[in-house]
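**Student:** Sharing a structure with you now.
In this note's numbering, the protein residues as written are 132 to 412.
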């Protein structure tokens, strides 16, 4: 009986050591992933990574995870600070889903209130994770994505598209978007007003549809309105302006008080040439 009790205690101790070691390794891998992403961002911003192994300690040993969550905020970058690589390694782990939550950041100089994505079936290099504490992603599926822009964000895009309109202000309601400012023309300034509804085009462009334009309270002729709309649209191109073309496909747009939400499909983007850090346009 004493021998059985001793044997049981030894087995229990071994399990505790394995579980404790797996938890410690997971924490070390999380911290290493945070440093890895911060390095891509040139050290600016805040990053937090959480890993939920599948099957507990066994999942750590087999490089299997239910969820990897990446949260970051307050950074400036030219492109996403994480990406997929190729070719797929022989030692391959699997993540059921990668959750990405980015807040108050800028891409290529354009501000973004929030980006959320849940990406399924992501492969990783299990050897790099085990021996180098480095997360390298490879094949990834397509999941749900959402980009939220507030009125200040949208005003930045309008200013880039219509530099003739000084100090543009944007107001968003559930049904319409309003743009006001001072139009510089003929050596003077004129009160400028435009309104319409936000729409999506070609899966990547955000446009103002059914636009109406007024100057000094007077409606402009349809031909002039068409020219203004052509200059304004697209207000935003997620590929050209934000470098999200390989990550995010816009399927629909939702408006609510103060915000425009771009909703669609998202994946882990492939590695691009050039640096991540900075606001290169």
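Just so you know, even glycine gets a beta-carbon here, dropped at the ideal spot from N, CA and C.
Using the C-alpha atoms, what's the distance from residue 155 back to residue 311?
**Tutor:** Using only the alpha carbons, I get a separation of about 55 Å.
**Student:** Rounding to the nearest angstrom, what Cα-Cα distance links residue 265 and residue 162 in this structure?
**Tutor:** In a straight line, the C-alpha of residue 265 is about 10 Å away from that of residue 162.
**Student:** What span of residues does the beta strand (DSSP E) with residue 183 cover, start to end?
**Tutor:** Taken as a continuous stretch (DSSP letters only), the beta strand (DSSP E) holding residue 183 covers 177 to 184.
**Student:** Please identify the residue among 319, 386 and 353 whose C-alpha is closest to the C-alpha of residue 331.
**Tutor:** It is 386 whose Cα lies nearest to the Cα of residue 331.
**Student:** With DSSP run on the structure shown, which of helix, strand or coil describes residue 353?
**Tutor:** Residue 353 falls in the helix class under three-state DSSP.
**Student:** To the nearest angstrom, report how far apart residue 215 and residue 367 are at their CA atoms.
**Tutor:** Answer to the nearest angstrom: the Cα atoms are 25 Å apart.
**Student:** Can you tell me whether DSSP reads residue 237 as helix, strand or coil?
**Tutor:** If DSSP states are grouped into helix, strand and coil, residue 237 belongs with the strands.
**Student:** Determine whether the beta carbon atoms of residue 339 and residue 327 lie at a separation below 9 Å.
**Tutor:** Cβ atoms of residue 339 and residue 327: closer than 9 Å.
**Student:** Between the alpha carbons of residue 377 and residue 358, how many angstroms are there, rounded?
**Tutor:** Each residue's Cα considered, the two are about 31 Å apart.
**Student:** Which of the three DSSP states is assigned to residue 144 in this structure?
**Tutor:** Only weak support exists for where residue 144 lies, its pLDDT of 37 falling under 50; the value from the coordinates is given anyway. Of the three classes helix, strand and coil, the one that applies to residue 144 here is helix, per DSSP.
**Student:** Tell me the DSSP secondary structure of residue 170 in three-state form.
**Tutor:** DSSP places residue 170 in helix when its eight states are reduced to three.
**Student:** Quick check: the Cα distance between residue 166 and residue 383, rounded to an integer number of angstroms?
**Tutor:** Approximately 35 Å between the Cα atoms of the pair.
**Student:** Name the one or two DSSP bridge partners that residue 280 has.
**Tutor:** 391, per the DSSP bridge assignment.
**Student:** Identify, in the order they occur along the chain, each residue of the same chain with its Cβ nearer than 6 Å to the Cβ of residue 231, setting aside the five sequence neighbours on each side.
**Tutor:** 201 and 248, listed in sequence order.
**Student:** To which residues does DSSP link residue 196 through a beta bridge?
**Tutor:** Paired residues: 184 and 226.
**Student:** Would you tell me roughly how many angstroms separate the C-alpha atoms of residue 199 and residue 205, rounded to the nearest one?
**Tutor:** Using only the alpha carbons, I get a separation of about 20 Å.
**Student:** Quick check for students: name the residue ranges of the beta strand (DSSP E) that lie wholly in the stretch 324 to 354, counting only runs of 3 or more.
**Tutor:** Listed in chain order, they are 336 to 346.
**Student:** Less than 9 Å between the C-beta atoms of residue 397 and residue 293, yes or no?
**Tutor:** Cβ atoms of residue 397 and residue 293: not closer than 9 Å.
**Student:** Since residue 236 contacts residue 207 with CB under 8 Å, what's their CB separation in whole angstroms?
**Tutor:** 7 Å between Cβ atoms; contact.
**Student:** Assign residue 379 to one of three DSSP states: helix, strand, or coil.
**Tutor:** Three-state DSSP puts residue 379 in a strand.
**Student:** According to DSSP, which residues form a beta bridge with residue 363?
**Tutor:** For residue 363, which the question treats as bridged, DSSP gives no partner whatsoever.
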